[in-house]
Amino acid sequence: MRIWGALLAIAIVGLLALVATEDGRSRLSYAALVARVLWEARFDEAEVPAFDLPELLATEAGEPIGDRRAWRARRAQLLATFRDDIYGRAPTNVGAPPVEILDHESGALKGLAERRQLRVWPGGREQPSAELLLWLPAARTGPVPVFVGLNFWGNHTTHPDPAILLESGWMRHAPDRGIEDHRATEASRGQSQSRWPVRALLSRGYGLATAFAGDFAADVDTRGVGPEFGGEGALTTWSWGLRRIADALVAWPDEVGPLLVVGHSRLGKAALWAGAQDERFAAVFSNDSGCLGAALSRCRFGETLALMTDNFPHWFPPRFAERYAGREDGLPVDQHQLLALIAPRPLYVASASDDLWADPRGEYLAVREASRAYELLGMEGLRDDEPPPVDQPVHRRVGYHLRTGEHDLTVWDWERFLDFADLHLPADGR
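The following block contains the structure:
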């Protein structure tokens, strides 16, 4: 038994307790999960086995890639591999999603914001709908950049504004968050506002569009995986949801400018996959996304493929676990290649120093390797051998920071995201 790893794991698995007790698992099954994490997971870099990564700048035949045209061809192949072998196929689009405006206030938050609440039918009117909360700066003079991200507990938890509609759909039971009998109550209003600093974004000239992830796929395997939409797993269905939100937002080109996709934890994985597929996202931000997010799978540090697919089987197509759980070296791709698919658009990856479950070093190594694609396309990547010191962000075409603290999305993270966006996006309208 690795003593230090065990102590760290005890803290880390506490993050899993919410899911483990809300999705109907018994206390005994949760205890078994804790024991398995303590035994299997690595939390000491010295114990990470040596590994070789798939070559980024090479064709399937092994020929070197040296120009933009060859990279575009390879990019298409990599996208297909991630879709078919890793994340699964998304639901099929059925044209522009129908949108209904539920609420519109031009002087919200004491005049700082324009707030819109929209009902969107991502799969068409015959399918379930999602509610989208859109904030825009009231003082804008033209289209403004808008961050697009899914939330964990409903739009009403992202800000205490009493006018935000209470989520009406099924939610995980969480009395400490104001979720009773799988339904949101007024007590849950504003519970997640620390992760969504709406006023800070608006004050700096940015908008925010957010929707409840559960409107697209429930994050509980006993609830199924968005069967009404036909996706092959929650992650790919969430990423599809982000892309359908983009489809809705582009209908307002005079108000909504560049779209910036953002996500934390499992929703960071979805944001990366959405950003890799959809080049309408002008920049991509991942926070503590870990295994099959920004972290290299072959590092086998913290969360691994086997632990993830066993505990969250609904995230992926069944064939993924059958082929690759516990067999990282057999993967046809790794996450540096996913990050590279975003090039040459701005990419920002954020880690946290105490979030060993998400493998901060593995995230940085993926950023470093993906930077080779940026350099091929004439952009400055991040190629230093070691990550920057804690709390010292690096902002090139690829950005990265390692924040002091635990698995969370904080105001400090958002401030760094905004600094990075300021560097790469036009100031028109702000």
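Numbering (my numbering), first residue to last: 18 to 447. Glycine included, every Cβ here is placed at the ideal spot set by N, Cα and C.
*With which residues is S8 paired in a DSSP beta bridge?*
One cannot answer for residue 8 here, as it falls past the ends of the chain, which runs 18 to 447.
*asked:* Tell me the rounded alpha-carbon separation between P214 and P177.
replied: Your numbering for residue 214 matches position 197 in the sequence shown. Your numbering for residue 177 matches position 160 in the sequence shown. The alpha-carbon atoms of P214 and P177 are separated by roughly 11 Å.
_I'd like to know whether the C-beta atoms of P136 and H121 end up nearer to each other than 8 Å._
For the purposes of this step, residue 136 is identified with residue 119 of the sequence shown, where counting begins at 1. For the purposes of this step, residue 121 is identified with residue 104 of the sequence shown, where counting begins at 1. As written in the sequence, residue 136 is Arg, which differs from the Pro given in the question. Contact: no.
*Is DSSP giving M18 helix, strand or coil here?*
To locate residue 18, count along the sequence shown from 1; it is residue 1. No answer about M18 holds up, because its pLDDT of 43 lies below 50 and its placement is not dependable.
*To which residues of the same chain is L183 closer than 6 Å at the C-beta, ignoring the five residues directly before and after it?*
Position 166 of the sequence shown holds residue 183. Answer for L183: H173 and A201, listed in chain order.
*So, are the CB atoms of L225 and V163 less than 8 Å apart?*
Mapped onto the sequence shown, residue 225 falls at position 208. Mapped onto the sequence shown, residue 163 falls at position 146. Cβ atoms of L225 and V163: closer than 8 Å.
*Taking the alpha carbon of Q352 as the point to measure from, which residue in I103, F229 and A67 has its own alpha carbon closest?*
Here residue 352 is taken as the residue at index 335 of the sequence shown, counted from 1. When each option's Cα is compared against that of Q352, the closest is I103.
_Beta-ladder partner(s) of A228, from DSSP_ = Along the sequence shown, read from residue 1 onward, the residue named residue 228 stands at position 211. DSSP output for A228 lists L149 and L167 as bridge partner(s).
*Taking the continuous alpha helix (DSSP H) assigned at R414, which residues delimit it?*
The residue you call residue 414 lines up with position 397 of the sequence shown. No alpha helix (DSSP H) contains R414, which DSSP labels as neither H nor E.
*Decide yes or no for the touch test of the segment 355-374 against the segment 285-294: beta carbon pairs closer than 8 Å, at least 3 of them.*
yes
*Secondary structure of S123, DSSP reduced to three states*: The count along the sequence shown starts at 1 and reaches residue 123 at position 106. Here S123 sits in strand by DSSP.
_Integer Cβ distance of A300 from L277, believed to fall under 8 Å_ = For this step, residue 300 is matched to residue 283 along the sequence shown. For this step, residue 277 is matched to residue 260 along the sequence shown. Confirmed, Cβ separation roughly 5 Å.
*State the beta-bridge partners of D312 as determined by DSSP.*
What you label residue 312 is simply residue 295 of the sequence shown in a count that begins at 1. One point to set straight first is that residue 312 is Ala, not Asp, in the sequence displayed. Beta-bridge pairing links A312 to C308.
*Three-state secondary structure (DSSP) of R447*: Walking along the sequence shown from the start, residue 447 turns up at place 430. Coil.
*asked:* Only counting the same chain, and skipping five residues up and downstream in sequence, which positions put a Cβ closer than 6 Å to that of E397?
replied: If you number the sequence shown from 1, residue 397 lands on position 380. Counting only Cβ-Cβ distances below 6 Å, and skipping sequence neighbours, we find R413 and R414.
_What does the alpha-carbon distance come out to for the pair P270 and D264?_
For the purposes of this step, residue 270 is taken as the residue at position 253 of the sequence shown. For the purposes of this step, residue 264 is taken as the residue at position 247 of the sequence shown. Distance between the alpha carbons of P270 and D264: 11 Å.
*Residues in its own chain within less than 6 Å of F68 by CB, not counting five upstream and five downstream?*
Along the sequence shown, one-based indexing puts residue 68 at 51. Contacts found: R315.
*asked:* Going by DSSP, what residue range makes up the beta strand (DSSP E) through L135?
replied: The residue labelled residue 135 in the question sits at position 118 within the sequence shown. It spans A130 to V137 - the beta strand (DSSP E) in which L135 sits, taken as one unbroken run.
*Would you kindly report the start and end of the unbroken alpha helix (DSSP H) that includes A215?*
Counting from 1 along the sequence shown, the entry for residue 215 is found at position 198. At residue 215 the sequence reads Val, which differs from the Ala that was named. V215 to S220 is the extent of the alpha helix (DSSP H) around V215.
_Integer-rounded CB distance, given that Q144 should sit under 8 Å from F246_ = Taking the first residue of the sequence shown as position 1, residue 246 is located at position 229. Taking the first residue of the sequence shown as position 1, residue 144 is located at position 127. F246 to Q144, Cβ: 7 Å. Contact.
_Touching by the beta-carbon criterion (3+ pairs, under 8 Å), the segment 80-91 and the segment 319-328_ = no
*With DSSP run on the structure shown, which of helix, strand or coil describes F298?*
Within the sequence shown, numbered from 1, the residue matching residue 298 stands at position 281. Here F298 sits in strand by DSSP.
*Select from S306, L266 and F233 the residue whose C-alpha is nearest the C-alpha of E117.*
Walking along the sequence shown from the start, residue 117 turns up at place 100. Closest by alpha carbon: L266.
*Going straight from the alpha carbon of L175 to that of T227, what length do you get?*
Your numbering for residue 175 matches position 158 in the sequence shown. Your numbering for residue 227 matches position 210 in the sequence shown. Before going on, a small fix: residue 175 reads as Thr here, not Leu. Cα to Cα, the separation comes out at about 9 Å.
_Meets three-Cβ-pair contact criterion under 8 Å: the segment 331-348 and the segment 92-110_ = yes
*Inter-residue CB distance, Y223 and V273 (contact presumed, cutoff 8 Å)*: The residue given as residue 223 occupies position 206 in the sequence shown. The residue given as residue 273 occupies position 256 in the sequence shown. Contact doesn't hold; Cβ gap of about 11 Å is too wide.
*Proximity below 8 Å, CB of S370 to CB of R420*: The residue labelled residue 370 in the question sits at position 353 within the sequence shown. The residue labelled residue 420 in the question sits at position 403 within the sequence shown. Closer than 8 Å, so yes.
*How would you call E386, buried or exposed, if buried means at least 16 neighbouring beta carbons within 10 angstroms?*
Start at 1 with the first residue of the sequence shown, and residue 386 comes out as number 369. Per the 10 Å Cβ criterion, buried.
*L355 and F169: beta carbons closer than 8 Å?*
Within the sequence shown, numbered from 1, the residue matching residue 355 stands at position 338. Within the sequence shown, numbered from 1, the residue matching residue 169 stands at position 152. It is not a contact, given that the beta carbons lie outside the stated cut-off.
_Whether L74 touches L129 by CB criterion (8 Å)_ = Position 57 of the sequence shown, counted from the first residue, corresponds to residue 74. Position 112 of the sequence shown, counted from the first residue, corresponds to residue 129. For L74 and L129, no; Cβs fall outside 8 Å.
*asked:* Short of 6 Å in beta carbon distance, which residues of its chain neighbour L150, apart from the five on each side in sequence? Order them along the chain.
replied: Looking up residue 150 in the sequence shown gives position 133. These residues qualify, in order along the chain: Q134, N172 and T227.
*Give the straight-line distance between the Cα atoms of S306 and D402, rounded to the nearest whole angstrom.*
Translated into positions along the sequence shown, residue 306 becomes position 289. Translated into positions along the sequence shown, residue 402 becomes position 385. About 21 Å.
*Measuring CA to CA, which of V428, W429 and G310 is closest to A375?*
Sequence index remark: in the sequence shown, residue 375 carries index 358 (1-based). Closest by alpha carbon: G310.
*asked:* Taking the straight line between their C-alpha atoms, what separation do you get for V36 and G343?
replied: The residue you call residue 36 lines up with position 19 of the sequence shown. The residue you call residue 343 lines up with position 326 of the sequence shown. Any reading at V36 needs caution, since the residue's pLDDT is 46, under 50, leaving its predicted position unreliable; the model's value is listed next. Taking the straight line joining both Cα atoms gives about 22 Å.
*N- and C-terminal bounds of the alpha helix (DSSP H) containing Y104*: As a working mapping, residue 104 is identified with position 87 in the sequence shown. Neither: Y104 is in no alpha helix (DSSP H) and is coded neither H nor E.
*Going by CA-CA distance only, name the one from Q94, A93 and W138 that's closest to V111.*
Taking the sequence shown and counting its residues from 1, one reaches residue 111 at position 94. Closest option to V111, Cα to Cα, is W138.
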